[in-house]
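Each remark here refers to the structure printed beneath this line.
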Amino acid sequence: MQSGCSIRALWILNNQDTVIFSRKFPVVERRWLLACEKESDDNFKYKPLPCESELAAAFIDRKKREGSARGFGLRLRQSTKGSDSWVDDPITRHLISLHINNEEKSENYLLWPMALHLKGPYTILVLPLIEPHHLKTYSRMCNSSDCGSAIGEQENISSLLLELPSITGAFIVAHTFGDIITGESMEPEVVVTASPSVGGLLDSLTGSIGISGLWTRMHFVLLSVVQCPLVGTPLDLNYTNIFAIKAAGFSSTDLPPADRKQPAWKPYLYRGKQRILFTIHETVHASMYDRDEIPDSIKISGQVNCRAELEGLPDVSFPLTGLDASRIESLSFHHGAQVPEHGGDKQAVTFSPPLGNFTLVRYQAFCSFVPPIKGFYQLSMVSENEGAFLFKLSLMEGYKAPLTIEFCTVIMPFPKRKVVSFDGTPSIGTVSYTEHFVEWKLITNSRGVSGKSIEATFPGTVRFAPWQAQRPPSAGSTVGTMADEDSDFETESSSSSVNVEDYIMEKMSKDLQAVDLEEPFCWHAYNYAKVSFKIIGPSLSGMSIDPKSVSIFPTVKAPVECSTQVVSGDYVLWNTLGKCPIAATPEA
25 MQSGCSIRAL WILNNQDTVI FSRKFPVVER RWLLACEKES DDNFKYKPLP CESELAAAFI
85 DRKKREGSAR GFGLRLRQST KGSDSWVDDP ITRHLISLHI NNEEKSENYL LWPMALHLKG
145 PYTILVLPLI EPHHLKTYSR MCNSSDCGSA IGEQENISSL LLELPSITGA FIVAHTFGDI
205 ITGESMEPEV VVTASPSVGG LLDSLTGSIG ISGLWTRMHF VLLSVVQCPL VGTPLDLNYT
265 NIFAIKAAGF SSTDLPPADR KQPAWKPYLY RGKQRILFTI HETVHASMYD RDEIPDSIKI
325 SGQVNCRAEL EGLPDVSFPL TGLDASRIES LSFHHGAQVP EHGGDKQAVT FSPPLGNFTL
385 VRYQAFCSFV PPIKGFYQLS MVSENEGAFL FKLSLMEGYK APLTIEFCTV IMPFPKRKVV
445 SFDGTPSIGT VSYTEHFVEW KLITNSRGVS GKSIEATFPG TVRFAPWQAQ RPPSAGSTVG
505 TMADEDSDFE TESSSSSVNV EDYIMEKMSK DLQAVDLEEP FCWHAYNYAK VSFKIIGPSL
565 SGMSIDPKSV SIFPTVKAPV ECSTQVVSGD YVLWNTLGKC PIAATPEA
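Residue numbers (the numbering used here): 25 to 612.
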């Protein structure tokens, strides 16, 4: 019965657990009805989708039963037979069931699987189409005397989910809706120099926006997310397309040329002032040791981002320069690009651009220049609560205009000690500190440097509050740092409530041994300084695009802009007086 992902219904609730938007898809529901009628089990009959009030009541009831919106996720003494936590698997904190109580027909039935996504003040629930026997299997697991994932148990949640690829699609739809209604959808960055690019998707949802405003926004989302308001099959989750449809709507003039077939990934054709924007964005990762026995390591991860505001369905072609095998480690192109067999330093690229910003090329490369920031960092303890440090750095050595470093900052982290003061004056820049790090700002945005190298030194001392040996935190206490956007921060006043995150992490890591710090300044926590910078100008890998070489077919007059920016990633100066952290990365 399943083919891809089809959605029976979706609901959006606010933080008062009121349904503020819902949509049911009759064509998909009809498929579910027919599947239920084919079941030979007389005890299994089709149950209609709940109304909004029934859905909200069931969700509130589940929160009370499970302790929070997400629930326990594991079988506890508070768990009741028939509940999600009875299945004894953390996945039930994200894929939930609701017990619908239809008072009119005096019946109670199970609605599963509901993809649950919490985003800001909103709860998004998406119900994908499955087969009836999947629902019956889950119902049995919820009422089994043993845990559903127990050894020897034939029915378990993991095996069941392997048969349900539609759940993945339901979660993607839920996340897309969450990003859109909170205005957090992201595109690849394309730098615009002539005029500002299109702003945020839809309008920001604020407290002043009523239910009708949200419904209007979600209506436009559905126009792009599903094939039509009835079919319920996700086709396009690109929020740029959604914005275009919302802003201008559909028009009979948006039809493609008769000799061109409109691709499914571009359901809406651009109309307006035409132009093409390219941005080469590179991130530099480096480990600088300043030791004879360990070579410094510097790598570049880059991408060519594009925004082609072109009417119709044109093809764009240009030669991409800087692809010499001695510099480029790996290279991949957008699925809409056509690239001949790679060879040499220059490569012809032809592509049919989608709407909005997209990544045309991704690559890994070696740096064509010496490291933009090099030198050494030394740190040693002169007493129990005082450390002496020394920086000696060289910035942009050998770099010439138009390469410009806009800012450069060095941070010394001290996550396990409290900084109370520091002494020292750098040769350039300013210094500040917080409880757990010292920050040295060598160059600020207002003082960008171009066409010259800079030598900088910074000797000094840093003083800490008296050292107090602390027991390493348990796995449960670290959960707060692992929380993501979906974490459920609800608190319960009931004495029977538990910290679910703590409990899950304790159970999952019960066999892991705690590790004490070997010394107050072990390398993993203190033995490095992190450098941050941004460079404008030619790429450090040698990748480049000549705007004059870009051609468009059918021919159209459209300006082409190209820009390049280089930023630091994990760019680390390791303490030359500390332990040797080969192949290690610093703590976040």
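From the three backbone atoms N, C-alpha and C, an ideal C-beta is built for every residue, glycine too.
Annotation for K160: no beta strand (DSSP E) segment contains it, though the alpha helix (DSSP H) segment containing it runs 156–166.
The closest CA to that of Y423, considering only G453, G475, A80, is found on G475.
Annotated as proximal: P343 and A372, with beta-carbon spacing under 8 Å.
G144 carries a coil assignment under DSSP once its states are collapsed to helix, strand and coil. Annotated three-state conformation of L98 is coil, per DSSP. The criterion of a C-beta distance shorter than 8 Å is not satisfied by L403 and V434.
The DSSP-derived three-state label of R299 is strand. For V328, the secondary structure class from DSSP, reduced to helix, strand or coil, is strand. Non-local beta-carbon contacts of L184 in its own chain, meaning distances under 6 Å to residues more than five positions away in sequence, involve T161 in chain order. With contacts defined by Cβ atoms closer than 8 Å, E585 and L379 do not form a contacting pair. Judged by beta-carbon spacing, F461 lies within the 8 Å limit of M436, meaning their Cβ atoms are closer than that value. The beta-carbon separation of Q327 and H305, rounded to 6 Å, stays under the 8 Å limit for a contact.
When secondary structure is reduced to three states using DSSP, K323 falls in the strand class. With at least 16 other beta carbons inside 10 angstroms of its own, E90 counts as buried. With fewer than 16 other Cβ atoms inside 10 Å of its own Cβ, D447 counts as exposed. By the Cβ test, the region 133–145 is not in contact with the region 41–56, since fewer than three Cβ pairs between them sit closer than 8 Å. Only residues of its own chain outside the window of five on either side were considered, and among them P338, D339 have a CB closer than 7 Å to the CB of F577, listed in chain order. The shortest CA-to-CA distance from T481 to any of C60, H123, T454, F49 is the one to T454. L427 is a Cβ neighbour of G561, given a cutoff of 8 Å. Per DSSP, the continuous beta strand (DSSP E) segment holding H123 begins and ends at 119–126. Straight across, the Cα-Cα distance linking F488 with E408 is about 9 Å. The beta carbons of C391 and I318 sit no closer together than 8 Å.
Around the beta-carbon of H157, fewer than 16 other beta-carbon atoms lie within 10 Å, marking it exposed.
In the same chain as I84, and ignoring 5 residues on each side of it, the C-beta atoms closer than 7 Å to its own belong to D41, in chain order. Per DSSP, the beta bridge partners of C432 are I467, F557.
Judged by their CB atoms, V197 and I36 are not nearer to each other than the 8 Å cut-off. Separation of S169 and V111 (C-alpha to C-alpha, rounded to the nearest whole angstrom) is 10 Å. In the DSSP assignment, no residue is bridged to M420. When I204, T374, N381 are compared, the shortest CA-CA separation from P212 is found for N381. A distance below 8 Å separates the beta carbons of S587 and T303. In summary, T104 is exposed, with fewer than 16 beta-carbon neighbours lying within 10 Å of its beta-carbon over all protein chains present. Per DSSP, S92 lies in no alpha helix (DSSP H) and is assigned neither H nor E. Per DSSP, F482 is one residue of the beta strand (DSSP E) stretching across 478–488. H309 sits in a strand when the DSSP states are folded into three classes.
Cβ contact annotation for V473 (same chain, cutoff 8 Å, sequence separation greater than five): L419, M420, T428, I429, I467, in chain order. Listed in chain order, the non-local C-beta contacts of K416 below 7 Å within the same chain comprise G399, F400, T481, local neighbours out to five positions each way being set aside.
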